[in-house]
Amino acid sequence: MGAGRRAPATEWVVGWVVAALVVVAIVVAVVVVAGRFTSDSAGNAARKPYASTETVTVDDRSVTVHLPPSYVDGTPLPLVMLLHGYTASGSLQERYFRITPEADRRGFVYAYPDGTLDRTDKRFWNATDTCCDLYGTGVDDARYLHDVIDALKRRYSIDARRVYLIGHSNGAFMSFRMACDHADTITAIATLAGSTWNDISRCRPSDPVSVLAIHGTADRTILYGGGTLSQHTYPSATRTATDWASLDGCAGPGADQAALDVIADLPGAETAVREVASGCRGGSAVYTWTIDSGVHIPNLGAAFTPSVLDFLLARAKA
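Heads up, the sequence shown is in our numbering, so the first residue is 2 and it goes up one at a time.
So this is what it looks like as structure tokens:
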């Protein structure tokens, strides 16, 4: 049986009920000017080392930022950003992945922004032609998230060589989009149940980006073997990974690794791990985790998030 158990997740995000979030933290007033935010307190005085969670605003959208107990201004820490799925929110996605305890334990700055509300009041990211700007708003989320990262770098002590994205579903598509458009900023991404451009010529990363692509073989929302959504095609999980190995200039052979037990309600070591190719530019890496019988929103075991973070935090830009 899978390692650890979490509350069962439904197959799609709609209908989740969120308990009220009580935050014991210092409240920071925020002033937003042209996509940037500043504290109303005097100057940028060094913070005392403590865990705190702040809600800030960038371009009229909220971003929750969690600082670990080890955070002190002037000592750069990695940044991990979580991108939610269609219809969800940053806080819902955090309840699913539970990254905050890992941020405190490992010492990284953690942020989870919210996408745009569409005309049916569902949040989305405009990632690719497939997903998920269903009503054609044309919002430039790649620019927006780049602005968020820049704003966080100005506000906090962030190690620019270690900026990571984790995305689920629509957030996974958006993570791939950010790796395509802002490879100079993004060090590595980990995606669950998402894909990249079907026409990979639309992805032109300036730098190599490490990729961990996770997908369940029984996903009926974003099919493991590829499919069509919004009348546009998305590639299979395998082709998504091999396309990225090509983009990263990986010249060597791949290899299977030891399987993982990271899904709570599936028996044994259900997740096959493969290094897609080796010899990638800039020390980058492309891996797949294939969850045998995994669905779109798998019941994550206790080892899932720590294992994802192990992959990400081991990467740094040259």
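Quick reminder that beta carbons are idealized off the backbone N, C-alpha and C, glycines included.
Distance between residue j and residue i (C-alpha atoms, nearest Å)
{"i": "residue 56", "j": "residue 66", "result": "6 Å"}
{"i": "residue 214", "j": "residue 302", "result": "17 Å"}
{"i": "residue 16", "j": "residue 81", "result": "Residue placement at residue 16 cannot be trusted, given a pLDDT of 38 that sits under 50; the coordinates are not used to answer."}
{"i": "residue 205", "j": "residue 317", "result": "20 Å"}
{"i": "residue 277", "j": "residue 285", "result": "12 Å"}
{"i": "residue 158", "j": "residue 259", "result": "36 Å"}
{"i": "residue 310", "j": "residue 104", "result": "10 Å"}
{"i": "residue 144", "j": "residue 183", "result": "9 Å"}
{"i": "residue 267", "j": "residue 252", "result": "35 Å"}
{"i": "residue 152", "j": "residue 269", "result": "43 Å"}
{"i": "residue 228", "j": "residue 240", "result": "12 Å"}
{"i": "residue 288", "j": "residue 98", "result": "20 Å"}
{"i": "residue 37", "j": "residue 53", "result": "Only weak support is given to the placement of residue 37: the predicted model assigns it a pLDDT of 35, under 50, and the question is left unresolved by the model."}
{"i": "residue 34", "j": "residue 148", "result": "Interpretation of residue 34 is limited by its pLDDT of 30, a score under 50 that renders its predicted location unreliable; no figure is taken from the coordinates."}
{"i": "residue 85", "j": "residue 190", "result": "14 Å"}
{"i": "residue 263", "j": "residue 299", "result": "10 Å"}
{"i": "residue 186", "j": "residue 211", "result": "12 Å"}
{"i": "residue 322", "j": "residue 203", "result": "The first residue shown for the chain is 2 and the last is 319, placing residue 322 beyond what the model contains."}
Selected residue, minimal CA-CA separation from residue i, among the options
{"i": "residue 76", "options": "154, 307, 251", "result": "154"}
{"i": "residue 133", "options": "145, 117, 146, 144", "result": "117"}
{"i": "residue 256", "options": "271, 244, 250, 275", "result": "275"}
{"i": "residue 246", "options": "270, 281, 62", "result": "281"}
{"i": "residue 176", "options": "227, 60, 202, 142", "result": "142"}
{"i": "residue 165", "options": "201, 139, 109, 131", "result": "109"}
{"i": "residue 122", "options": "136, 114, 112", "result": "136"}
{"i": "residue 307", "options": "61, 106, 93, 180", "result": "106"}
{"i": "residue 207", "options": "225, 146, 139, 178", "result": "178"}
{"i": "residue 113", "options": "138, 131, 83", "result": "83"}
{"i": "residue 59", "options": "209, 96, 250, 150", "result": "150"}
{"i": "residue 314", "options": "188, 115, 200, 119", "result": "188"}
{"i": "residue 201", "options": "180, 211, 185", "result": "180"}
{"i": "residue 249", "options": "265, 225, 209", "result": "209"}
{"i": "residue 146", "options": "305, 167, 265", "result": "167"}
Any non-hydrogen atom of the ligand NAD within 6 Å of residue i CB
{"i": "residue 265", "result": "The ligand NAD is absent from the structure shown, which contains no ligands of any kind."}
N- and C-terminal bounds of the beta strand (DSSP E) containing residue i
{"i": "residue 172", "result": "From DSSP, residue 172 is part of no beta strand (DSSP E) but of the alpha helix (DSSP H) over 171 to 182."}
{"i": "residue 63", "result": "62 to 68"}
{"i": "residue 217", "result": "211 to 217"}
{"i": "residue 55", "result": "53 to 59"}
{"i": "residue 275", "result": "272 to 278"}
{"i": "residue 258", "result": "256 to 261"}
{"i": "residue 228", "result": "228 to 230"}
{"i": "residue 88", "result": "Unbroken run through residue 88: none, as it is neither H nor E."}
{"i": "residue 112", "result": "110 to 114"}
Enclosing alpha helix (DSSP H) for residue i [first to last residue]
{"i": "residue 156", "result": "142 to 156"}
{"i": "residue 296", "result": "Element bounds for residue 296: n/a, residue is neither H nor E."}
{"i": "residue 243", "result": "238 to 248"}
Check whether residue i and residue j have beta carbons under 7 Å apart
{"i": "residue 297", "j": "residue 192", "result": "no"}
{"i": "residue 79", "j": "residue 160", "result": "yes"}
{"i": "residue 272", "j": "residue 261", "result": "yes"}
{"i": "residue 115", "j": "residue 163", "result": "no"}
Decide yes or no for the touch test of the stretch 120 to 132 against the stretch 62 to 75: beta carbon pairs closer than 8 Å, at least 3 of them.
Result no; under three Cβ-Cβ pairs closer than 8 Å.
When the Cβ atoms of the stretch 234 to 243 are set against those of the stretch 187 to 204, are three or more pairs found closer than 8 Å?
yes
Within the chosen definition, does the stretch 203 to 218 reach the stretch 280 to 293 through at least 3 CB pairs nearer than 8 Å?
Yes: the two stretches touch, three or more of their Cβ pairs being nearer than 8 Å.
Taking one C-beta from the stretch 155 to 174 and one from the stretch 85 to 94 each time, how about it: are there three or more such pairs within less than 8 Å?
yes
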